[in-house]
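These protein sequence lines map, in sequence, to chains A and B. Just so we're aligned, residue 1 is where the first sequence starts under the numbering used here, counting upward by one. Just so we're aligned, residue 1 is where the second sequence starts under the numbering used here, counting upward by one. For each residue, glycine too, the CB sits at the ideal point set by N, CA and C.
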Amino acid sequence: MVRAALATKRRIGQGPRTGAAYIPAMSVVAGSLLSALPIVSVSGWYPDFGFLVLLGWRLLRADAWPAWWAAPLGFANDILTGAPIGMSVALWTGVMIVMDLVDRRTIWRDYWIEWALAALLILAAETMEWWLAALSGAGFAFRSILPPVLVSTLAFPIVAWLVARLDRWRLGR
Amino acid sequence: MAAPRPGWSRRAQYGLFFSFMALIAGLVVGLVLLTLSLVAPSRYEIVRGAAIDVTAPVTGGLRAVVDTVKGMVSGAGNYWDAAHQNEQLKRDRKAMVRQIIRARAVLLENQQLKATLQLREHSHGTVATGRIVGSSFSSPRRFAILSAGSREGVRIGMPVRSAEGLIGRIIDTGATASRVLLISDRSNIVPARLLRNGQPVISQGRGDGTVDLRPLEVGRNPFKPGDIVVTSGTGGLYPPLVPIARVVRLDDDGAIARPIADPSSASFALVEQSYEPEAIQTEAAEPGGKR
Chain A
1 MVRAALATKR RIGQGPRTGA AYIPAMSVVA GSLLSALPIV SVSGWYPDFG FLVLLGWRLL
61 RADAWPAWWA APLGFANDIL TGAPIGMSVA LWTGVMIVMD LVDRRTIWRD YWIEWALAAL
121 LILAAETMEW WLAALSGAGF AFRSILPPVL VSTLAFPIVA WLVARLDRWR LGR
Chain B
1 MAAPRPGWSR RAQYGLFFSF MALIAGLVVG LVLLTLSLVA PSRYEIVRGA AIDVTAPVTG
61 GLRAVVDTVK GMVSGAGNYW DAAHQNEQLK RDRKAMVRQI IRARAVLLEN QQLKATLQLR
121 EHSHGTVATG RIVGSSFSSP RRFAILSAGS REGVRIGMPV RSAEGLIGRI IDTGATASRV
181 LLISDRSNIV PARLLRNGQP VISQGRGDGT VDLRPLEVGR NPFKPGDIVV TSGTGGLYPP
241 LVPIARVVRL DDDGAIARPI ADPSSASFAL VEQSYEPEAI QTEAAEPGGK R
């Protein structure tokens with residue numbers, strides 16, 4: 001009985017899936033591809049799913065992909081979502097650098113800190129998007145970015161949970 | 001870097017260092033690309049067009065599914081109070097017939113007057129017909145994807161309208177799909193006029209699905225709730241007399257209006273010839289003027 005209780009459910013020979021190293025990056029592209037959904041939104045309050053998936057992976061583990069992959073992933077996001085090209089490249093690479101610094105400075109992390117971090121990064125991303133829109137002739141009141149920031153922040157735990165599930169699946173645990 | 005020092009392996013240490021350098025390089029490349037796309041957006045026309053071409057068929061296919069489901073739900077709703085609706089429709093139809101007759105008379109009179117004035121108008125035929133299949137949904141900018149591209153003759157700068165009213169104008173074209181700048185985008189300014197008294201006004205998007213109306217002449221607020229504004233044709237981008245929006249609320253010196261053509265429910269969108277093609281060329285020549 002005791003031995004059965006201690007035994008893991010893991011079967012012998014069960015390891016990471018083939019291409020497990022690429023699954024995180026592919027899931028980010030899949031997140032960006034959600035913009036191909038036939039949603040005609042009048043307000044634009046939907047979260048940027050590619051960015052949320054990227055955040056989810058980066059907060060979950062530092063070695064999901066080599067950090068510089070953020071640049072090509074951001075480029076894919078830019079052309080898929082129709083953002084000004086280069087925006088996500090710079091933003092996502094910046095997020096990787098910021099997260100490296102945060103990883104050095106923080107002594108311990110829990111879910112609340114991760115969520116707060118994600119909220120801050122989402123706010124930074126939306127602010128940058130707002131600022132770029134203003135530069136390209138579509139300036140509007142800053143307070144109008146608050147609803148999408150709130151929506152993205154509330155959507156983050158769901159995405160983080162999905163990413164954690166995906167991580168366990170890809171590693172065969 | 002965040003990952004712990006990988007022991008004494010020189011190779012692993014170098015790998016980590018070069019990965020960090022690549023990260024910095026990625027940031028620099030991103031900033032350069034971004035600057036380019038702000039300063040000279042036309043440089044990326046081909047790659048953006050190609051991306052629309054790749055994703056639009058997916059979007060279009062899914063859109064059909066969504067439409068079917070939506071149709072089933074609203075169809076059931078229509079059956080629910082059919083009798084009441086029927087009565088209402090009959091009443092509306094009677095009123096409509098009266099209005100059509102009146103409009104025909106006005107049209108006839110208009111034709112005669114124009115003939116006496118020898119007013120020459122540009123013919124602005126429909127270039128292509130497409131469906132609005134998707135939109136930018138995670139950005140403060142308001143774009144929509146239209147399932148017609150340069151193969152059908154769609155060019156950057158052409159106005160897009162539905163049967164109800166103005167939708168926007170083309171800003172990116174792929175071979176089979178294109179991107180539309182909706183009139184509710186903040187950077188889309190449409191010269192318009194009040195249908196009631198012909199007073200010139202300016203319509204500017206607010207980024208949240210509504211548009212902001214401002215009178216050109218300073219003075220008393222000319223708007224009333226329910227007013228309809230139509231394009232004036234000034235500037236040459238949009239053809240005149242296309243309905244734009246209906247006023248829903250007044251503010252201190254203007255009004256907030258809701259576009260008459262709702263891109264999320266408009267099934268078909270028509271791409272028309274630019275009203276004055278010369279105007280488009282000057283617009284295209286002006287750097288950074290589009291996006």
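Distance, Cα to Cα, Met87/A vs Thr127/A?
Counting from 1 along the first sequence, the entry for residue 87/A is found at position 87. Counting from 1 along the first sequence, the entry for residue 127/A is found at position 127. About 12 Å.
Anyone know if the C-beta pair for Gly134/B and Ala144/B falls short of 8 Å?
Locating residue 134/B in the second sequence gives position 134, where the first residue counts as 1. Locating residue 144/B in the second sequence gives position 144, where the first residue counts as 1. Going by C-beta atoms, Gly134/B is nearer than 8 Å to Ala144/B.
In the DSSP assignment, find the unbroken alpha helix (DSSP H) run with Pro24/A in it and report its ends.
Counting from one through the first sequence, the residue named residue 24/A turns up at place 24. From DSSP, the alpha helix (DSSP H) with Pro24/A extends over Ile23 to Leu33.
At a Cβ threshold of 8 Å, is Phe140/A touching chain B?
Residue 140/A sits at position 140 when you count from the first residue of the first sequence. It does; some Cβ of chain B falls within 8 Å.
Between the alpha carbons of Arg291/B and Gly157/B, how many angstroms are there, rounded?
Counting from one through the second sequence, the residue named residue 291/B turns up at place 291. Counting from one through the second sequence, the residue named residue 157/B turns up at place 157. Bear in mind that a pLDDT of 41 at Arg291/B, under 50, signals an unreliable position, so the model cannot answer this.
Identify whether Phe268/B lies in helix, strand or coil by the three-state DSSP scheme.
As a first step, residue 268/B is located in the second sequence; it is residue number 268 there, counting from the start. DSSP places Phe268/B in coil when its eight states are reduced to three.
When you compare only the Cα positions, how much space is there between Pro157/A and Ile101/B?
Counting from one through the first sequence, the residue named residue 157/A turns up at place 157. Counting from one through the second sequence, the residue named residue 101/B turns up at place 101. Straight-line Cα distance between these residues: approximately 60 Å.
Distance, Cα to Cα, Ala76/A vs Ser32/A?
On the first sequence, residue 76/A is found 76 positions in, with the first residue counted as 1. On the first sequence, residue 32/A is found 32 positions in, with the first residue counted as 1. Roughly 8 Å separates the two Cα atoms.
Buried versus exposed, by CB contacts within 10 Å (16 or more), Arg173/A
Residue mapping note: residue 173/A aligns to position 173 of the first sequence, counting from 1. Result: exposed.
Ala51/B, buried or exposed, once every other Cβ within 10 Å from all chains shown has been counted against 16:
The residue you call residue 51/B lines up with position 51 of the second sequence. Ala51/B is buried by the Cβ-count criterion.
What does Glu129/A reach in chain B if we use C-beta pairs closer than 8 Å?
As a position in the first sequence, residue 129/A is number 129, starting the count at 1. Neighbours of Glu129/A on chain B, chain order: Ser139 and Pro140.
Consult DSSP for Ser136/A and reduce its assignment to one of helix, strand or coil.
The sequence position of residue 136/A within the first sequence is 136, counting from 1. Residue state, collapsed to three classes: coil.
Can you say whether Glu87/B is buried or exposed, counting buried as having 16 or more other CB atoms within 10 angstroms of its CB?
Reading the second sequence from its first residue, position 87 is the one you call residue 87/B. By the 10 Å Cβ count, Glu87/B comes out exposed.
Can you grab the Cα-Cα spacing for the pair Val159/A / Ser265/B, in whole Å?
Residue numbering aside, residue 159/A sits at position 159 when the first sequence is read from its first letter. Residue numbering aside, residue 265/B sits at position 265 when the second sequence is read from its first letter. Cα to Cα, the separation comes out at about 29 Å.
Is Phe293/B close to chain A, meaning its C-beta is less than 8 Å from at least one C-beta of that chain?
For residue 293/B there is no data in the structure shown, the boundaries of chain B being 1 and 291.
Run through DSSP, which three-state label would Ser187/B get?
As a first step, residue 187/B is located in the second sequence; it is residue number 187 there, counting from the start. Ser187/B falls in the coil class under three-state DSSP.
Could you check if Pro16/A is buried or exposed, using at least 16 other CB atoms within 10 Å of its CB as the buried criterion?
Locating residue 16/A in the first sequence gives position 16, where the first residue counts as 1. Exposed.
Note down, in chain order, each residue of its chain lying with its Cβ closer than 7 Å to the Cβ of Leu216/B, except the 5 sequence neighbours on either side.
In the second sequence, the residue the question calls residue 216/B occupies position 216. Around Leu216/B: Pro200, Val201 and Ile202.
Using the C-alpha atoms, what's the distance from Trp57/A back to Gly288/B?
Position 288 of the second sequence holds residue 288/B. Position 57 of the first sequence holds residue 57/A. Model confidence at Gly288/B stands at a pLDDT of 42, short of 50, so the residue's coordinates are unreliable and nothing is read from them.
Neighbouring residues, chain B, relative to Pro66/A (Cβ below 8 Å):
For the purposes of this step, residue 66/A is identified with residue 66 of the first sequence, where counting begins at 1. Result: Ser19 and Ala22.
Within 8 Å of any Cβ in chain A, is that where the Cβ of Gly179/B sits?
For the purposes of this step, residue 179/B is identified with residue 179 of the second sequence, where counting begins at 1. The question names Gly, but residue 179/B in the sequence shown is Arg. Chain A, which has a Cβ nearer than 8 Å to the Cβ of Arg179/B, makes this yes.
Whose C-beta lies closer than 6 Å to the C-beta of Met1/B among residues of the same chain, with five residues either side of it excluded?
On the second sequence, position 1 is the one that residue 1/B refers to. Here the model assigns Met1/B a pLDDT of 42, short of 50, so the residue's position is not dependable and the matter cannot be decided.
What residue range does the beta strand (DSSP E) around Ser136/B cover?
Reading the second sequence from its first residue, position 136 is the one you call residue 136/B. Careful: Ser136/B lies outside any beta strand (DSSP E) and carries neither H nor E.
Between Asp185/B and Gly205/B, is the Cβ-Cβ spacing less than 8 Å?
Locating residue 185/B in the second sequence gives position 185, where the first residue counts as 1. Locating residue 205/B in the second sequence gives position 205, where the first residue counts as 1. Closer than 8 Å, so yes.
Distance cutoff 8 Å, beta carbons only. Does Val248/B sit that close to anything in chain C?
In the displayed structure, chain C is absent; the protein chains listed are A and B.
I'd like to know whether the C-beta of Met26/A is nearer than 8 Å to at least one C-beta of chain B.
Against the first sequence, residue 26/A aligns to sequence position 26. So no, Met26/A is outside the interface.
What are the start and end residues of the beta strand (DSSP E) that includes Val229/B?
Here residue 229/B is taken as the residue at index 229 of the second sequence, counted from 1. Ile228 to Thr231 is the extent of the beta strand (DSSP E) around Val229/B.
Along the chain, where does the beta strand (DSSP E) containing Gly205/B start, and where does it finish?
Locating residue 205/B in the second sequence gives position 205, counting from the first residue. Taken as a continuous stretch (DSSP letters only), the beta strand (DSSP E) holding Gly205/B covers Pro200 to Gly205.
Counted within 10 angstroms of its Cβ, other Cβ atoms place Trp161/A as buried (16 or more) or exposed:
For this step, residue 161/A is matched to residue 161 along the first sequence. Exposed, because fewer than 16 other Cβ atoms sit within 10 Å of the Cβ of Trp161/A.
Extent of the continuous alpha helix (DSSP H) run through Thr81/A:
Position 81 of the first sequence holds residue 81/A. Per DSSP, Thr81/A belongs to the alpha helix (DSSP H) from Ala70 to Thr81.
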